[in-house]
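Residue numbers (UniProt numbering): 1 to 182.
Think of the CB as a built atom: it goes at the ideal place given N, C-alpha and C, for glycine as much as any other residue.
These numbers were taken from a predicted model, which means no experiment stands behind them.
What follows is a short report on a single structure.
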């Protein structure tokens, strides 16, 4: 049965070896261990996978890795056997398997981390530093679909179509007039 009595604050910060209860220090030690494991595993991953993957947990010989989406999950699965053997040799001999899960929050965090202040208004940035600009023709098609849509979808499509207008390649260039003094 769960022990739901109030506890003294001192007992929460006590040494986890002395008490059998979950204490804050035990949680803190596990969090520190996960951060260190995440850093070590990150160094073993190919550079392209590093921003899209993190160690979520390690328990009973199972390391849980989180990745941003299914495509990164597939890439990570290709590396799984190599990663498992390397981690066993270098870091965790008790590791028996790796579980790879998708966590979409990683994609959002990475997108926020990599975007510049206003760059997302006019281009979609890719991994290689390339950018894609929305053409005026595509924007017109998106506006047509938005006109037939309702609510949230309509708002999102209109914002997407507006990216073409805000794009620097579609902005009119400033005219430079020659001064009559010359």
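- Along the segment 53-80, the beta strand (DSSP E) occurs as fully enclosed runs of 3 or more residues at 53-59 and 62-67, listed in sequence order.
- Non-local C-beta neighbours of residue 84 in its own chain, meaning closer than 8 Å and more than five positions away in sequence, comprise 95, 97 and 98, ordered along the chain.
- Beta-bridge partners assigned by DSSP to residue 102: 67.
- According to DSSP, residue pairing for residue 97 in a beta bridge involves 62.
- Contact holds between the segment 59-74 and the segment 100-110, because three or more Cβ pairs, one in each stretch, are under 8 Å apart.
- In the three-state scheme derived from DSSP, where H, G and I count as helix and E and B as strand, residue 48 is classed as coil.
- Counting along the chain, residue 144 sits inside the alpha helix (DSSP H) bounded by residues 136-147.
- About 20 Å separates the CB atoms of residue 134 and residue 107; that is not less than 8 Å, and the two are not in contact.
- When the Cα atoms are used, residue 72 and residue 142 turn out to be separated by approximately 28 Å.
- Shown here for residue 76: same chain residues with a beta carbon closer than 7 Å to its own, the five before and five after excluded, namely 49, 53, 65, 67 and 100 in chain order.
- In the structure shown, residue 8 falls within a coil segment according to DSSP collapsed to helix, strand and coil.
- Secondary structure of residue 37 (DSSP, three-state): helix.
- Just so you know, the alpha carbons of residue 23 and residue 160 end up roughly 49 Å apart.
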